[in-house]
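Protein sequences appear in the order of chains A and B. Residues in the first sequence are numbered consecutively from 172, following this note's numbering. Residues in the second sequence are numbered consecutively from 831, following this note's numbering. Quick reminder that beta carbons are idealized off the backbone N, C-alpha and C, glycines included. Here the structure is a predicted model, which means the values were calculated and not measured.
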Amino acid sequence: MPLDFYLNVAAGGLLTGLVYGLAALGLSVIFGVVRIVNFAHGELMVIGMYAAVLAAGSLGIDPLLAAPVVAALLFAVGYGLQRGLINRFIDRPDHMQFILLVGVAMVIVNGLLIAFGPDSQSAQVPYAFDAIEIGPLLLDTTKVYAGVGALAVAALLFLFFRLSLTGKAIRACSDNQLGARVVGLNVERLYALTFGLGAATAGIAGCLMTLLVDVRPQLAPEYTLLSFIIVIVGGLGSMGGALLGGVLIGISEAMAGFLILPSMKSMFSYGLLILVLLLRPQGLLGKRP
Amino acid sequence: MAKDAGTNGPTGLGPMGSGLTRRDFGKATLAVGAAAAVFGNAPAFAQDKVLKVGVLLPRSGFLAQPGQACQRGADIAQTLLPQLGFPIEILGADTESNPDVARSRTEKLIQDGAQVIVGAFDSGQTTAAAQVCEQRGVPLVVNIASAPQLTEQGYRTIFRNFPTSSALVGNGLALMKDLFAATGKTPKSAVFLHANDTFGQANKAALDKLFPTLSMPFAAPEAISYDPKAQDLAVEVAKARATGAELVIVTTRANDAIMIVREMVKQRFEPMAVVSPGSPGMYDEQFYKVLGKYSDYCITNLPWYDPKSALAQQVGKTFKEKFPSDRYEGYAFNIGFTFEAILVAADAFKRAGTGDPAVLLDALRQTNLSEKIMFGGPIQFDEKGQNNAIASACVQNFKLRPTVVLPKASAEADPVFPMPGWQKRA
């Protein structure tokens, strides 16, 4: 078989994997700072997808252009959720936090079912059938836009945490919560900002994903699970690890589907997860506890 | 306080104490119980004026689109059949595209008084419903479901007015040969894309079994299966493209048919044709709406409605009245078979004069309906409950409309094969 077939499939997997990685990045940021495992992460992403579909269907706005507005909306949702609800559970046992967020997830999924029904909905874009030719590669335009968008948002997030004062303060909270309080940082507010940022990232990932797949409420738990797999493979709390995990999952699913059997492709993400848990439990770029 | 023997009992209809002792009441209860045990529910059914039809369809979930199309057939039946002298009352239920839900909804329909079940579009869900109907002794008239095992496992209560996978695929492959002969062009290789569910697997099994017997002009196609709930079929189409096949054979439904064609356009995969040997998807309204010009020239070899039939015309007229903004052709297949299934039940009820399941089952076995919608001979069922007289037509999309191109006698246009390339379409 010519090499370009393999390259095209791998490139498609890479671009999809970048969007997966961005979604998982939001989960990783929240865990890295707030130390809360967000079981409602896929649900936040699906809210972003529905917002993008509504913007495209009702106002004719491209999901890429709707992404900043959706991010602001999801930031407000995440900020409010952390400030109003989750901050009260910060010092409670892990299982109470888990159940709280599972409850939030259930409320969101059922709310979406009531609001939009169980059927798939999509955002129609004028470039839905286009492809970009680069040498031997023939790249799906929607995947290129989604993948590049994911990479850009991830880069902005890296820069925010590295260069901005707020980003540095959030990192200080993550490194030493007591020390951050001692130097006068408002830890609860920074936690809420972090959760808001994680939710906004999930919202943008949802907008980008709308270019690739149709949305229905039942996707939410699937994306939560996928995000968990990615951050565990990449390393919980590691931003670079989340992106790397997403890309690995995207490429391995695509190549496994191409080389073996498409209907078996999703089992390869779980295979990769088991392998990483056995050989490197902290994840590929995670720090040993 | 002393008991007043002359006061009314709990029903208020008369005095409890006048001549009716507790012992008498107990005897009467026993007698009624024994009568009920001996005669079952027959006395109640004997007075039925209207047949209660439980219509079980996937109206939501990943099969919602064809399920909703079938539902329109039920809506039209509810309007039209009483006017034609078939009194029916439809009780609807949604399977949510899930066999487990189909099972529980069938139970619920029967509990709610359904005397016959019609459904359930998908083989997996129909299998679940068939198990319940068999246990409860209630007739099941299948509208659309092709898995052979439905009528091969000895069930007494199932009647299918739809071809089996073998018949569907056999007729579909035979029409492919007719297409090659009519156009003078023959592909040298093929690939088969199918959903990895009951329907897809049944079609694959039928294709594997029939292919060696049909002297097709190409070798047995490589099969590529995919998750029926998949959100992205890029890898599957890339794999199909890599085989270098000149013909793409598919077993799909609307969502996956859309994803496959969309990916073929993006990946510039240009086979001679995309042909389905009898699956839905490429003639569904959603397919035309989403794909536009790319939906044209796709071919489906399947049972189709006879536009010259008086009943088909009446159904088409009622469709226009009920759904003025939609096109009949995009829904005709699902509407036709769903309407006919309800008609089969209503006709049996009319002849039986009762909704008693045992009598209704006998009447269903004697069905002989020549006034119908779809191509083929009169509706009759063999000893397994299968109607074997359903014919297929080769239907090709032209200008976003499914058009009969074969057999020649019924053709509305000439077939176009090979199809024009994706990028060459205006």
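| query | Do the region 977 to 996 of chain B and the region 1209 to 1221 of chain B make contact, defined as three or more Cβ pairs closer than 8 Å? | reply | Contact between the region 977 to 996 of chain B and the region 1209 to 1221 of chain B is present, because at least three Cβ pairs lie under 8 Å.
| query | In the structure shown, what three-state DSSP assignment does B/Asp878 receive? | reply | Residue numbering aside, residue 878 of chain B sits at position 48 when the second sequence is read from its first letter. Coil.
| Alpha-carbon to alpha-carbon, B/Leu1121 and B/Ile1088 | Residue numbering aside, residue 1088 of chain B sits at position 258 when the second sequence is read from its first letter. Residue numbering aside, residue 1121 of chain B sits at position 291 when the second sequence is read from its first letter. Looking at the two C-alpha atoms, the distance is approximately 7 Å.
| field | Partners in chain A for B/Ala1020, counting only beta-carbon separations shorter than 8 Å | value | Counting from one through the second sequence, the residue named residue 1020 of chain B turns up at place 190. In chain order: nothing, as chain A lies at least about 18 Å away.
| request: Taking only beta-carbon positions, decide if A/Ala182 is within less than 7 Å of chain B. | output: Along the first sequence, read from residue 1 onward, the residue named residue 182 of chain A stands at position 11. With 7 Å as the cut-off, A/Ala182 does not count as an interface residue toward chain B.
| What in chain A is Cβ-close to B/Glu1066, meaning under 8 Å? | Counted from its first residue, the second sequence places residue 1066 of chain B at position 236. Here the neighbours are Gly428, Pro433.
| query | Cβ atoms of A/Tyr394 and A/Gly536: under 7 Å apart, would you say? | reply | No answer is possible for residue 536 of chain A: it lies beyond the span of chain A, which begins at 172 and ends at 460.
| field | 6 Å CB neighbourhood of B/Thr1016 in its chain, flanking five on each side removed | value | The sequence position of residue 1016 of chain B within the second sequence is 186, counting from 1. For B/Thr1016, where only same-chain residues beyond five positions count, the Cβ hits under 6 Å are Phe1010, Pro1047.
| Under 8 Å from the C-beta of A/Phe176: neighbouring residues of chain B | As a working mapping, residue 176 of chain A is identified with position 5 in the first sequence. The answer, in chain order, is Ala1068, Arg1071, Ala1072.
| said: Rounding to the nearest angstrom, what Cα-Cα distance links B/Met1112 and B/Thr1081 in this structure? | reply: For the purposes of this step, residue 1112 of chain B is taken as residue 282 along the second sequence, with counting starting at 1. For the purposes of this step, residue 1081 of chain B is taken as residue 251 along the second sequence, with counting starting at 1. Straight-line Cα distance between these residues: approximately 10 Å.
| message | If you measure between the beta carbons of B/Leu1141 and B/Glu1076, is that distance less than 7 Å? | response | Taking the first residue of the second sequence as 1, we reach residue 1141 of chain B at position 311. Taking the first residue of the second sequence as 1, we reach residue 1076 of chain B at position 246. No; because the gap between Cβ atoms is not below 7 Å, this pair is not in contact.
| Run through DSSP, which three-state label would A/Asn281 get? | By 1-based counting over the first sequence, the position of residue 281 of chain A is 110. Correct three-state label for A/Asn281: helix.
| query | To the nearest whole angstrom, what separates the beta carbons of A/Ala181 and A/Ala425, a pair I think is in contact under 8 Å? | reply | As a working note, residue 181 of chain A is residue 10 in the first sequence. As a working note, residue 425 of chain A is residue 254 in the first sequence. Right, the Cβ-Cβ distance comes to about 7 Å (below 8 Å), so this counts as a contact.
| task | Quick one: using the 10 Å Cβ neighbour count with 16 as the cut-off for buried, is A/Met438 buried or exposed? | result | For this step, residue 438 of chain A is matched to residue 267 along the first sequence. Exposed, since its Cβ has fewer than 16 Cβ neighbours within 10 Å.
| said: I'd like the list of long-range same chain contacts for B/Leu931, defined as Cβ closer than 7 Å, with 5 residues on each side in sequence excluded. | reply: Taking the first residue of the second sequence as 1, we reach residue 931 of chain B at position 101. The question names Leu, but residue 931 of chain B in the sequence shown is Val. Within the same chain, B/Val931 has close Cβ partners Thr925.
| Can you give the Cα-Cα distance for B/Ala1004 and A/Met216, rounded to whole angstroms? | Start at 1 with the first residue of the second sequence, and residue 1004 of chain B comes out as number 174. Start at 1 with the first residue of the first sequence, and residue 216 of chain A comes out as number 45. Using only the alpha carbons, I get a separation of about 48 Å.
| If you run the structure through DSSP and keep just helix, strand and coil, what is B/Met1204? | In the second sequence, the residue the question calls residue 1204 of chain B occupies position 374. Correct three-state label for B/Met1204: strand.
| query | Along the region 911 to 926 of chain B, what residues have a CB closer than 9 Å to any CB found in chain A? | reply | Glu926
| said: For B/Glu1159, count the other beta carbons within 10 Å of its own beta carbon; 16 or more makes it buried, fewer makes it exposed. Which is it? | reply: Against the second sequence, residue 1159 of chain B aligns to sequence position 329. Around the C-beta of B/Glu1159, 16 or more other C-beta atoms lie within 10 Å, and the residue is accordingly described as buried.
| query | Among the residues of its own chain, which have a CB less than 6 Å from the CB of B/Ser890, if the five just before and after it don't count? | reply | Against the second sequence, residue 890 of chain B aligns to sequence position 60. Counting only Cβ-Cβ distances below 6 Å, and skipping sequence neighbours, we find Asp924, Glu926.
| Inter-residue spacing [alpha-carbon to alpha-carbon] between B/Leu910 and B/Thr1233 | Position 80 of the second sequence, counting from 1, holds the residue named residue 910 of chain B. Position 403 of the second sequence, counting from 1, holds the residue named residue 1233 of chain B. Whole-angstrom Cα-Cα distance: 26 Å.
| said: Counting only C-beta atoms, is B/Ser976 closer than 7 Å to chain A at any point? | reply: Residue mapping note: residue 976 of chain B aligns to position 146 of the second sequence, counting from 1. Not a single C-beta of chain A is nearer than 7 Å to the C-beta of B/Ser976.
| request: Apply the 10 Å Cβ neighbour rule to B/Asp1177 and answer buried if 16 or more other Cβ atoms are within range, or exposed otherwise. | output: Taking the first residue of the second sequence as 1, we reach residue 1177 of chain B at position 347. Buried, by the Cβ-count rule.
| message | Going by the DSSP bridge assignment, what does B/Phe1228 pair with across the sheet? | response | Looking up residue 1228 of chain B in the second sequence gives position 398. Its beta-bridge partners are B/Arg1231.
| query | Quick one: does B/Ala1032 have its CB under 7 Å from some CB of chain A? | reply | The residue labelled residue 1032 of chain B in the question sits at position 202 within the second sequence. Not closer than 7 Å to any Cβ of chain A, the Cβ of B/Ala1032 fails to qualify, so no.
| Got a sec? Which residues, its chain only, sit under 7 Å from A/Ile303 by beta carbon, not counting five neighbours each side? | Counted from its first residue, the first sequence places residue 303 of chain A at position 132. The residues Leu310, Thr312, Val315, in chain order, have a CB closer than 7 Å to that of A/Ile303 in the same chain once the five nearest residues on each side in sequence are set aside.
| task | Return the CA-CA distance between B/Val972 and A/Ala242, expressed in angstroms with no decimal places. | result | Numbered from 1 along the second sequence, position 142 holds the residue referred to as residue 972 of chain B. Numbered from 1 along the first sequence, position 71 holds the residue referred to as residue 242 of chain A. Between the alpha carbons of B/Val972 and A/Ala242 lies a distance of about 48 Å.
| Do B/Ala1032 and B/Ser1055 have their C-beta atoms closer together than 7 Å? | Here residue 1032 of chain B refers to the residue found at position 202 of the second sequence. Here residue 1055 of chain B refers to the residue found at position 225 of the second sequence. Taking 7 Å as the Cβ cut-off, B/Ala1032 and B/Ser1055 do not qualify as a contacting pair.
| message | Tell me the rounded alpha-carbon separation between A/Ile305 and B/Arg1157. | response | Locating residue 305 of chain A in the first sequence gives position 134, counting from the first residue. Locating residue 1157 of chain B in the second sequence gives position 327, counting from the first residue. The alpha-carbon atoms of A/Ile305 and B/Arg1157 are separated by roughly 42 Å.
| task | State the start and end residues of the unbroken beta strand (DSSP E) segment that holds A/Ser199. | result | Locating residue 199 of chain A in the first sequence gives position 28, where the first residue counts as 1. Per DSSP, A/Ser199 belongs to no beta strand (DSSP E); it is in the alpha helix (DSSP H), 174 to 205.
| message | So with CB distances below 7 Å, who are the chain A contacts of B/Asn928? | response | Numbered from its first residue, the second sequence carries residue 928 of chain B at position 98. The contacting residues do not exist; B/Asn928 stays about 10 Å from chain A at best.
| said: When you compare the CB of B/Asp952 with every CB in chain A, is at least one pair closer than 7 Å? | reply: Walking along the second sequence from the start, residue 952 of chain B turns up at place 122. Chain A, which has no Cβ nearer than 7 Å to the Cβ of B/Asp952, makes this no.
| query | Using DSSP with H/G/I as helix, E/B as strand and the rest coil, what is B/Val946? | reply | One-based indexing of the second sequence puts residue 946 of chain B at position 116. Residue state, collapsed to three classes: strand.
| message | Tell me the DSSP secondary structure of B/Asp834 in three-state form. | response | Translated into the one-based positions of the second sequence, residue 834 of chain B becomes position 4. With a pLDDT of 39 at B/Asp834, under the threshold of 50, the predicted position of this residue should be treated as unreliable, though the coordinate-derived value follows. B/Asp834 falls in the coil class under three-state DSSP.
| query | Leaving out the 5 sequence neighbours to the left and right, which residues in its chain are closer than 6 Å to B/Gly1207 when beta-carbon positions are compared? | reply | Here residue 1207 of chain B corresponds to residue number 377 of the second sequence, with the count starting at 1. Closer than 6 Å at the Cβ level, and outside the excluded window around B/Gly1207, lie Ala1219.
| query | Assuming B/Leu1294 and B/Ser1222 make a contact with CB atoms under 8 Å, what is their CB distance in whole Å? | reply | The structure shown does not extend to residue 1294 of chain B, since chain B spans only 831 to 1256, so no value can be given for it.
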